[in-house]
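The structure under discussion appears below in the form of structure tokens.
If you want it as structure tokens, here you go:
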């Protein structure tokens, strides 16, 4: 018998339907912009240009999936994100058993907008894992300047 279950759906509705102290752990990778899935942004994604979606180049013959660009979020977007996670945390703390855990995938640009509302709702931040990406160029030198700056890396 499986000791876990996976659920796909609206997390607020799902948690509202759960009994208090009934979940031991949550693992989630939520949409962070709350903006990238609006009808306008999905249309721009389908068109292949514009909006918050970054269309990465093909790499070694593999076509990579589009990624949301979090640097375009304005103050209103960031406040909506903070409010979303505060509401998420209030519901999560109700359904988690005492000592339960929440594992949330995030990134360094937005992690504070996730952790602070969770702590405000009563969670303790126990740790954080930041993935170091070395495979994609990220501003360590100008494009096409590999020869001139061969010894430079971040």
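In this note's numbering, the protein residues as written are 1 to 154. Ideal placement from N, C-alpha and C gives every residue a C-beta, glycine not left out. It should be emphasised that the depicted structure is a prediction, and the values quoted were computed from it without experimental measurement.
Residue 81 vs residue 34 beta-carbon contact at 7 Å: Along the chain shown, read from residue 1 onward, the residue named residue 81 stands at position 81. Along the chain shown, read from residue 1 onward, the residue named residue 34 stands at position 34. Yes. Within cutoff.
Rounded C-alpha distance that separates residue 40 from residue 1: Within the chain shown, numbered from 1, the residue matching residue 40 stands at position 40. Within the chain shown, numbered from 1, the residue matching residue 1 stands at position 1. Rounded to whole angstroms, residue 40 to residue 1 spans 44 Å at the Cα level.
For residue 39, three-class secondary structure by DSSP: Within the chain shown, numbered from 1, the residue matching residue 39 stands at position 39. Reduced to three states, the DSSP call for residue 39 is helix.
Closer than 6 Å: residue 73 CB and nearest the ligand SAH heavy atom: This structure does not include the ligand SAH; it has no bound ligands of any sort.
Same chain, Cβ closer than 8 Å to residue 67, five either side skipped, listed in chain order: In the chain shown, the residue the question calls residue 67 occupies position 67. Same-chain partners within the cutoff: 53, 54, 56.
Best match in 100, 69, 75, 149 for proximity to residue 125 [C-alpha to C-alpha]: Position 125 of the chain shown, counted from the first residue, corresponds to residue 125. It is 100.
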